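**Student:** Counted the way this note's numbering counts, the sequence shown spans residues 42 to 216.
Just dropping this structure here.
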Amino acid sequence: MMGAFVAVYNFIPYVLKDAPYNLSQSVIGFLFAVQLCGTFSSSLAAKLSAQHSSSKIISICLTFLAGGALLTVHHLLVIKIFGLALLTAGLFGAHAAASGWCGQLAADKAAAGSLYMFSYYSGASVLGSLGGLFYRSLGWTGVVAMAVLAAAAALAAVHFIAAAPKAKYAVCKEQ
């Protein structure tokens, strides 16, 4: 999920600096303020995860992430920006719920948390860079397609983990 986010933010400046938008670097940089949406969504997702299943909250947030990415394909700038806001809210909400859920599922919370964060940032590095190959060969729609597929893969993983017996994820369980 973080890889989808990073790929979109890495390559949308190329879309926005060219016609028909022709935005300056200053204006494009200012658009990154949209990431403040993550402040609110992460807090809300954490609260909702305490009331509802984490897998449900993560699934909703991943749907927002994918939907936001899809909205950035629209030609109207205001809709692209709204798409970035939705994608951002989805990522940070999913991350807050997933990191909390990870600790609930594992016997060794420290090891599980470390593995989660390693995977989170590895996904950002790999997919964030891979987005360039998609952008070069398929343009902006290629980056968006990759981001949506990444969100779908994360969604499939959430459903797999939620359906599996909890004891299956006992990492380094003490004897």
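Ideal Cβ placement from N, Cα and C applies to all residues, glycine included.
Just so we're clear, the structure is a prediction, and the values are computed from it rather than from any experiment.
Put Val114 into one of helix, strand or coil per three-state DSSP.
**Tutor:** The residue given as residue 114 occupies position 73 in the sequence shown. Three-state result, Val114: coil.
**Student:** Indicate the three-state DSSP secondary structure (helix, strand or coil) for Tyr62 in the structure shown.
**Tutor:** Here residue 62 is taken as the residue at index 21 of the sequence shown, counted from 1. Three-state result, Tyr62: coil.
**Student:** What's the C-alpha gap between Val56 and Ser95?
**Tutor:** On the sequence shown, position 15 is the one that residue 56 refers to. On the sequence shown, position 54 is the one that residue 95 refers to. Taking the straight line from one Cα to the other gives about 35 Å.
**Student:** What would DSSP say about Ala151, mapped onto helix, strand or coil?
**Tutor:** Counted from its first residue, the sequence shown places residue 151 at position 110. DSSP places Ala151 in helix when its eight states are reduced to three.
**Student:** Within the chosen definition, does the region 149 to 163 reach the region 184 to 196 through at least 3 CB pairs nearer than 8 Å?
**Tutor:** Contact fails: fewer than three Cβ-Cβ distances are below 8 Å.
**Student:** Taking the straight line between their C-alpha atoms, what separation do you get for Leu85 and Ser155?
**Tutor:** By one-based count along the sequence shown, residue 85 stands at place 44. By one-based count along the sequence shown, residue 155 stands at place 114. Distance between the alpha carbons of Leu85 and Ser155 is about 23 Å.
**Student:** Determine, using beta carbons only, whether Leu130 and Ser100 come nearer to each other than 8 Å.
**Tutor:** Numbered from its first residue, the sequence shown carries residue 130 at position 89. Numbered from its first residue, the sequence shown carries residue 100 at position 59. First, the amino acid is wrong: residue 130 is Ala here, not Leu. It is not a contact, given that the beta carbons lie outside the stated cut-off.
**Student:** Of all the options Leu64, Ala87 and Gly183, which has the alpha carbon lying nearest to the alpha carbon of Ala138?
**Tutor:** The sequence position of residue 138 within the sequence shown is 97, counting from 1. Out of Leu64, Ala87 and Gly183, Ala87 has the C-alpha closest to the C-alpha of Ala138.
**Student:** I'd like to check one pair, Leu127 with Gly108: are the Cβ atoms closer than 8 Å?
**Tutor:** Here residue 108 refers to the residue found at position 67 of the sequence shown. Here residue 127 refers to the residue found at position 86 of the sequence shown. Yes, they are a contact pair.
**Student:** Let me know the secondary structure DSSP gives Pro54 once reduced to three states.
**Tutor:** Position 13 of the sequence shown holds residue 54. Helix at Pro54.
**Student:** Report the rounded CA-to-CA distance for Ile53 versus Ile122, giving the unit in angstroms.
**Tutor:** By 1-based counting over the sequence shown, the position of residue 53 is 12. By 1-based counting over the sequence shown, the position of residue 122 is 81. Cα to Cα, Ile53 sits roughly 10 Å from Ile122.
**Student:** Between which two residues does the alpha helix (DSSP H) holding Val189 run?
**Tutor:** Taking the sequence shown and counting its residues from 1, one reaches residue 189 at position 148. Its alpha helix (DSSP H) spans residues Trp181 to Ala204.
**Student:** Would you call the CB atoms of Val185 and Ala110 closer than 8 Å?
**Tutor:** Indexing the sequence shown from 1 puts residue 185 at position 144. Indexing the sequence shown from 1 puts residue 110 at position 69. Their beta carbons are under 8 Å apart, which means Val185 touches Ala110 by this criterion.
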